[in-house]
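Novice: Numbering (numbering that gives the first Met the number 0), first residue to last: 0 to 455. Input: one structure, supplied below.
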Amino acid sequence: MANHGLDMPVNMPVGLTRSRQQTTDALPAGAPELLRPVVQAGSYFYLLAGVLVGTIAVGLGAYLTQLRYGLMVTGMSNFYSWGLYITNFVFFIGVSHAGTLVSAILRVTGAEWRRPITRMAEVITGVALLIGAPMVLIDLGRIDRVYNLVIHGRLQSPLLWDVFSVTTYLVGSIVFLYLPLIPDLARCYPYLKDRYPVRARIYKILSLGWQGTPEQVRLLERAMAIMAVVIMPVAISVHTVVSFIFSMTLREGWHSTIFGPYFVIGAIYSGVAAIIVAMALFRKFYQLEKYITPLHFRRLGYLLLASGLVYLYMTFAEYLTVFYGSEESGSTLTKALFTGQFRGVFWSAIILTFSPLLVTALGRWTGIPGLVLGAVVVNIGMWLKRYMIITPTLANPYIPIQNAPPYAGFYWPTWVEWSITAGALAGFILLYVLFSKLFPIISIWETEEHTEGREA
Numbered sequence: 000m001a002n003h004g005l006d007m008p009v010n011m012p013v014g015l016t017r018s019r020q021q022t023t024d025a026l027p028a029g030a031p032e033l034l035r036p037v038v039q040a041g042s043y044f045y046l047l048a049g050v051l052v053g054t055i056a057v058g059l060g061a062y063l064t065q066l067r068y069g070l071m072v073t074g075m076s077n078f079y080s081w082g083l084y085i086t087n088f089v090f091f092i093g094v095s096h097a098g099t100l101v102s103a104i105l106r107v108t109g110a111e112w113r114r115p116i117t118r119m120a121e122v123i124t125g126v127a128l129l130i131g132a133p134m135v136l137i138d139l140g141r142i143d144r145v146y147n148l149v150i151h152g153r154l155q156s157p158l159l160w161d162v163f164s165v166t167t168y169l170v171g172s173i174v175f176l177y178l179p180l181i182p183d184l185a186r187c188y189p190y191l192k193d194r195y196p197v198r199a200r201i202y203k204i205l206s207l208g209w210q211g212t213p214e215q216v217r218l219l220e221r222a223m224a225i226m227a228v229v230i231m232p233v234a235i236s237v238h239t240v241v242s243f244i245f246s247m248t249l250r251e252g253w254h255s256t257i258f259g260p261y262f263v264i265g266a267i268y269s270g271v272a273a274i275i276v277a278m279a280l281f282r283k284f285y286q287l288e289k290y291i292t293p294l295h296f297r298r299l300g301y302l303l304l305a306s307g308l309v310y311l312y313m314t315f316a317e318y319l320t321v322f323y324g325s326e327e328s329g330s331t332l333t334k335a336l337f338t339g340q341f342r343g344v345f346w347s348a349i350i351l352t353f354s355p356l357l358v359t360a361l362g363r364w365t366g367i368p369g370l371v372l373g374a375v376v377v378n379i380g381m382w383l384k385r386y387m388i389i390t391p392t393l394a395n396p397y398i399p400i401q402n403a404p405p406y407a408g409f410y411w412p413t414w415v416e417w418s419i420t421a422g423a424l425a426g427f428i429l430l431y432v433l434f435s436k437l438f439p440i441i442s443i444w445e446t447e448e449h450t451e452g453r454e455a
């Protein structure tokens, strides 16, 4: 077993081309090459951070406007109690799942090729939960009403289940991310203590006195194995509970027994796509071509294709069942989706969600650029798909809308909702990028251990 202590010699591959955008700060002598993004930041990073912070500021201003005037500044109403906020909630919670599931499954199965990408996946989980969970509070309008959930919550309510499951999942995901980070924190300390003394001190505290002894390594690997097994059913249960918020209500389009697995497989599909995009960006801007290879894209492409085909099957089964049954309420909803009021968004969501499967299947010819483009399109389509789960059902209640203004049957998101949505996406990207500048985005000790094992 390799020694992961502070005095462990460096055996990492070197010679990565330095980006022109990086500062002139040299990498500390003897430091692992994977530490370069942590100690160097270029003009592109500050430009990106500035744009993201500005977008977040706009979203914060929109939220303050909503907080002052109430939900009347949104497009929601008595008929549309949910809108973009719950769409964002379901989307971000979904994206978080594949990060944990992919990392946990690959760790449990002992897939050696996983080592450079597991941390990227695990960070997606934590960041997506931090951005997605508050969307429910924003949708609530009055933040003080959260107190009522605490003192008057009922175990019969799926909403209370959701609070418990998401909170448990967030805590478990942070622990799952932190455990394999411990050796790297100790690894980074000696190289940063002179240049960044405050940060290095925090690293030393968080490393919990790690010295890389055989006993420490054994305990760490055991804890990681336990968390990998525990986090998988927790992740599956969380999105199942999210689906129960819809399926436990007697509304056409929601009251379905397939919603649990339908939401879970959709979460894996969108999450794998997010990991592929993150891999491509970090590989490009951090010059990680030696660590993130075409092999990683190809194997994640297989997973994207498999989960996409299962999701396609479930989508087909869902709409075929409703269409074939020809119940009056179901027929009204189906017509609104296929040929009526929502046909444009519905067919856009279907095409964007499933057309990348062809690109993925032809990955041998399209290469990494085609796979990455397909992954971006998948996430756009999956966001629209979540929007189409929510909005059409609310527009088609069992009791028809009567004696209401002509616009009552339509939901038009306002600038407030779009600004908060943009701010949420910017927050997700900013937190992800900041993590990569504070901690190694590729596990140094696991990559070194794998390299040493191959040399041996």
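The beta carbon of each residue, even a glycine, is placed where N, CA and C say it ideally should be.
#1: Which class does Asn378 belong to by DSSP, given the choice of helix, strand or coil?
#2: Quick one: using the 10 Å Cβ neighbour count with 16 as the cut-off for buried, is Ser164 buried or exposed?
#3: Alpha carbon to alpha carbon, how far is Arg200 from Lys192? Give it in angstroms, no decimals.
#4: Can you check which of these residues, Ala185, Phe90, Ser80, Ser206, is closest to Trp411 by C-alpha distance?
#5: Is Gln215 helix, strand or coil by DSSP?
#6: If you compare alpha carbons, which of Leu304, Val237, Phe175 is closest to Ser269?
#7: Once the 5 residues before and after Ser255 are set aside, which same chain residues still bring their CB inside 6 Å of it?
#8: Is Ala279 helix, strand or coil by DSSP?
#9: If you compare alpha carbons, which of Met226, Pro213, Gln155 is closest to Ile173?
#10: Compare the beta carbon distance of Met223 and Pro179 with 9 Å and say whether it is the shorter of the two.
#11: Does the beta-carbon distance from Leu351 to Ile379 come in below 9 Å?
#12: With H, G and I counted as helix, E and B as strand and the rest as coil, what does DSSP make of Phe434?
#13: When you compare only the Cα positions, how much space is there between Ile440 and Val432?
#14: Going by DSSP in three states, His151 sits in which element: helix, strand or coil?
#15: I'd like the list of long-range same chain contacts for Val309, defined as Cβ closer than 6 Å, with 5 residues on each side in sequence excluded.
#16: Give the straight-line distance between the Cα atoms of Leu437 and Ala48, rounded to the nearest whole angstrom.
#17: Tell me which residue opens and which closes the alpha helix (DSSP H) that Glu121 is part of.
#18: Measuring CA to CA, which of Leu383, Asn77, Gly60 is closest to Phe409?
#19: Between which two residues does the alpha helix (DSSP H) holding Tyr202 run?
#20: Give me the Cα-Cα distance between Leu63 and Gly422, rounded to the nearest whole angstrom.
#21: Compare the Cα-Cα distances from Thr167 to each of Gly152, Pro232, Ala61, Leu51 and report the closest residue.
#22: Tell me which residues share the same chain as Asn395 and place their Cβ nearer than 8 Å to its Cβ, disregarding the 5 neighbours each side in the sequence.
#23: For Glu32, which option in Leu66, Leu287, Phe44 has the closest C-alpha, if you only look at C-alpha atoms?
Specialist: By the coordinates alone:
#1: Three-state result, Asn378: helix.
#2: Label assigned to Ser164: buried.
#3: Between Lys192 and Arg200, the C-alpha separation is close to 7 Å.
#4: The shortest Cα separation from Trp411 among Ala185, Phe90, Ser80, Ser206 belongs to Ser80.
#5: It is helical.
#6: Among Leu304, Val237, Phe175, the Cα nearest to that of Ser269 is on Leu304.
#7: Result list for Ser255: Ser246, in chain order.
#8: Here Ala279 sits in helix by DSSP.
#9: Residue Met226 is the option with its Cα nearest to Ile173.
#10: Taking 9 Å as the Cβ cut-off, Met223 and Pro179 qualify as a contacting pair.
#11: Yes, the pair counts as a contact, with Cβ atoms nearer than the cut-off.
#12: Per DSSP, reduced to three states, the secondary structure at Phe434 is helical.
#13: If I take the Cα positions, the gap works out to 9 Å.
#14: It is helical.
#15: Its chain contains Ile264 as the residues whose beta carbon lies nearer than 6 Å to that of Val309, once the 5 sequence neighbours on both sides are disregarded; these appear in chain order.
#16: Those two C-alpha atoms are separated by around 14 Å.
#17: Note, Glu121: alpha helix (DSSP H), 117-131.
#18: Considering only alpha carbons, the answer is Asn77.
#19: Taken as a continuous stretch (DSSP letters only), the alpha helix (DSSP H) holding Tyr202 covers 196-205.
#20: Looking at the two C-alpha atoms, the distance is approximately 13 Å.
#21: When only C-alpha atoms are compared, the closest one is Pro232.
#22: Cβ-Cβ distances below 8 Å link Asn395 to Glu251, Gly252, Ser328, Thr331, Leu332, Ala335 in the same chain, with the five nearest sequence neighbours on each side left out; the list follows chain order.
#23: For Glu32, the nearest C-alpha among the options comes from Leu287.
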